[in-house]
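Protein chains in written order, with the working numbering: chain A, 4 to 181; chain B, 2 to 224; chain C, 16 to 261. All residues carry an ideal CB built from backbone N, CA and C; glycine is no exception.
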């Protein structure tokens, strides 16, 4: 699902509400027919959220960061898997570098590596293309397409055009509701 | 669940090891506070012994509130805290891991350095022993109750001072019995058992209730 | 029954209700307080044991001290309602109560100091009750400070609600610890309730003054609630209509 809207139309708030970070005054969020608050442990096992922030500890290296995040999510990944993901995103050789020594674009790519090592079917991404160069943008687009083709679900906001087939995409514009 | 508890604990300890200066600033603050009281009051042995229990505890309280800023601030700033709210683990488990790490890094060192203060104030060896034991039971309470204040004030200006304002009144019972115990130890013929029992009871209550309150506060602040 | 309560949980319906209730409470407040103080000043002995006539400040002191404590409980009550039902009005009333509670606590400390000075020669004595009042003041101030430090209304309401609840849970422990700092020597928890030993005239005066203070607090809290409503809802239509009609 592609969430569109002008700045300030509430896209981020809606995404955060879907994640359960923002509690709506009325209504409920449901996963497979059940209120997400009631089945929180199941829902969160199936969810991967990437917000504006990278969620990386600057003093740790990418491998430590990614492994800790995965373990917190209840999913153990081997170092090979992490190395593979980093390589795919063009960060081979940076496995031991503290994140604070990497550029913004590189840090963003470390954050995006989580997409490759996660087993969650639902991805909620808030402006994932920001700070990426053209090559990385194409790479991310292919990752997203592959995920959807494998049966996964992606909800994202972006100002970039998405090269995904129209029938696989649901476009929701929040401008109507402002 | 236990796995993520350990993972988070290890992560926080690892992070602290890479920025070692943080631990020492808290310790030095404690020592400075303890050291300036005699300069402002008196150097007489009798006076120092009398004020020692209170001074040591007040210094511990102040050092604790200043250190509290750091429990969640970093994770809040880089987005890791958000991710913790999105894990399948109950949030209070993760909170407990972070609070434990925080105590190991700021509370436990206080316990270990307290004998220095004891020497400055001419306390006997057995009194110092009581002091360390009482701090050992009390400082975790300070970390746990303080974590609630830290969670409520995430990202606000005013940081440490605001946390102190909110949390110091809540520390009063620990202060009263903690310093009371040291005083009683100096008197010699008074039973210390009720003090230990009370403080341990506070510790148990804190263990049961505070992680949950802190988790609720975090959710409110992260929204 | 439940439907009725929620009818007033919206600021636009509560506002007119508050406006109607304020004059009622104010009138009752003035009548009762003046009545209580009159009774206290003229119908009770000039001198109480070894205290001179200044002891009569006790009517204001006791009333304000009780209000300080009860208002905290009331504040937490509204905070809990707010957290459970997610109603904006509950939080607004809690905030208004906090300020009045703080003022009452300060008043109780001030009159207590004055009473202490005229009766026993010291402005402050660290006795358990007064010290707990002091800590109560800190708790109120903490609540108000947290509220003003957070800009986002939603977050500030809920954060201060949690803080208030935590405070309430710890207040009994605080009182116990100040009252009984040496557990070896504390046989009983409470000092004998001094209410039983008071002469009936003084008791009547005190109760009437307390009732007057309750009415005063209701009135003042409702006035403050109206102000907060106007502030928070200033962008809504019904507030703009209010200002136009004036």
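Check whether the Cβ atoms of residue i and residue j lie closer than 9 Å to each other.
| i | j | result |
| --- | --- | --- |
| residue 161 of chain C | residue 178 of chain C | yes |
| residue 48 of chain C | residue 227 of chain C | yes |
| residue 70 of chain C | residue 220 of chain C | no |
| residue 165 of chain A | residue 172 of chain A | yes |
| residue 52 of chain A | residue 84 of chain B | yes |
| residue 111 of chain A | residue 62 of chain A | no |
| residue 79 of chain B | residue 59 of chain A | yes |
| residue 1 of chain B | residue 112 of chain B | Given that chain B is displayed from residue 2 to residue 224, the structure contains no residue 1 of chain B and the question cannot be resolved. |
| residue 139 of chain B | residue 96 of chain B | no |
| residue 48 of chain A | residue 23 of chain A | no |
| residue 152 of chain B | residue 66 of chain B | no |
| residue 53 of chain B | residue 124 of chain B | yes |
| residue 185 of chain B | residue 199 of chain C | yes |
| residue 9 of chain A | residue 69 of chain A | no |
| residue 122 of chain C | residue 170 of chain B | no |
| residue 92 of chain A | residue 113 of chain A | yes |
| residue 181 of chain B | residue 167 of chain B | no |
| residue 231 of chain C | residue 56 of chain C | no |
| residue 240 of chain C | residue 100 of chain C | no |
| residue 124 of chain A | residue 161 of chain A | no |
| residue 34 of chain B | residue 7 of chain B | no |
| residue 170 of chain C | residue 114 of chain B | no |
| residue 219 of chain B | residue 155 of chain B | yes |
In this structure, does DSSP put residue i in helix, strand or coil?
| i | result |
| --- | --- |
| residue 175 of chain A | strand |
| residue 99 of chain C | helix |
| residue 229 of chain C | helix |
| residue 137 of chain C | coil |
| residue 3 of chain A | The structure shown does not extend to residue 3 of chain A, since chain A spans only 4 to 181, so no value can be given for it. |
| residue 2 of chain A | Past the edges of chain A, shown from 4 to 181, lies residue 2 of chain A, and the structure says nothing about it. |
| residue 195 of chain C | coil |
| residue 44 of chain B | coil |
| residue 55 of chain B | helix |
| residue 23 of chain B | helix |
| residue 1 of chain B | Lying outside 2 to 224, the shown extent of chain B, residue 1 of chain B is not represented and no answer is given. |
| residue 205 of chain C | Confidence is the limiting factor: at residue 205 of chain C the pLDDT is only 45, short of 50, which leaves the residue's position unreliable and the question unanswerable from this model. |
| residue 99 of chain A | coil |
| residue 16 of chain C | Its pLDDT being 46, under 50, residue 16 of chain C is placed unreliably in this model, and the value from its coordinates should be taken loosely. In the structure shown, residue 16 of chain C sits in coil (DSSP, three-state: anything other than H, G, I, E or B). |
| residue 295 of chain C | Examination of residue 295 of chain C is not possible in this model, given that chain C is present from 16 through 261 alone. |
| residue 39 of chain B | helix |
| residue 16 of chain A | helix |
| residue 281 of chain C | Outside the shown range of chain C, which is 16 to 261, sits residue 281 of chain C, and nothing can be said about it. |
| residue 164 of chain A | coil |
| residue 86 of chain B | helix |
| residue 28 of chain A | coil |
| residue 136 of chain A | coil |
| residue 223 of chain B | helix |
| residue 200 of chain C | coil |
| residue 17 of chain B | helix |
| residue 249 of chain C | coil |
| residue 84 of chain C | helix |
| residue 131 of chain A | coil |
| residue 2 of chain B | coil |
| residue 70 of chain B | coil |
| residue 150 of chain A | helix |
| residue 76 of chain C | helix |
Which residues share a DSSP beta bridge with residue i?
| i | result |
| --- | --- |
| residue 50 of chain A | A:125 |
| residue 3 of chain A | A query on residue 3 of chain A cannot be resolved here, the shown segment of chain A reaching from 4 to 181 and no further. |
| residue 7 of chain A | A:176 |
Taking 8 Å as the cut-off, is the CB of residue i close to at least one heavy atom of the ligand COA?
| i | result |
| --- | --- |
| residue 201 of chain C | Inclusion of the ligand COA in the displayed structure is not the case, the ligand content being empty and no account of it being possible. |
Residues, ordered as in the chain, of the stretch 6 to 34 of chain A that lie near chain B by beta-carbon distance below 9 Å
19, 22, 23, 24, 25, 26
Interface positions of the stretch 230 to 260 of chain C facing chain B (Cβ-Cβ less than 8 Å), listed along the chain:
none
Which runs of the alpha helix (DSSP H) at least 4 residues long sit entirely within the stretch 137 to 208 of chain B? Give them in chain order.
160 to 188
Completely contained beta strand (DSSP E) runs for the stretch 57 to 93 of chain A, where each covers 3 or more residues
none
Of the residues that make up the stretch 61 to 94 of chain B, which ones have a beta carbon closer than 7 Å to any beta carbon in chain C?
none
Every unbroken alpha helix (DSSP H) inside the stretch 101 to 140 of chain B [4 residues or more]:
109 to 121
List, from N- to C-terminal side, the alpha helix (DSSP H) runs of 4 residues or more that fit wholly inside the stretch 111 to 172 of chain C.
143 to 164
Would you list, in chain order, the members of the stretch 149 to 160 of chain C that have their beta-carbon closer than 8 Å to a beta-carbon of chain B?
150, 153, 154, 156, 157, 160
When you check each C-beta in the stretch 67 to 92 of chain A against every C-beta of chain B, which residues fall closer than 7 Å?
71, 72, 74, 75, 76, 77
By the 7 Å beta-carbon criterion, what residues does the stretch 92 to 125 of chain A contribute toward chain B?
none
For the stretch 182 to 205 of chain B, which residues have a CB atom closer than 7 Å to at least one CB atom of chain C, in sequence order?
191, 192, 195, 196, 199
Taking Cβ-Cβ distances below 9 Å as the criterion, which residues of the stretch 4 to 30 of chain B are in contact with chain A?
4, 5, 7, 8, 9, 11, 12, 15, 16, 19, 20
For the stretch 189 to 200 of chain C, which residues have a beta carbon sitting closer than 7 Å to at least one beta carbon of chain B?
189, 192, 193, 196, 197, 198, 199
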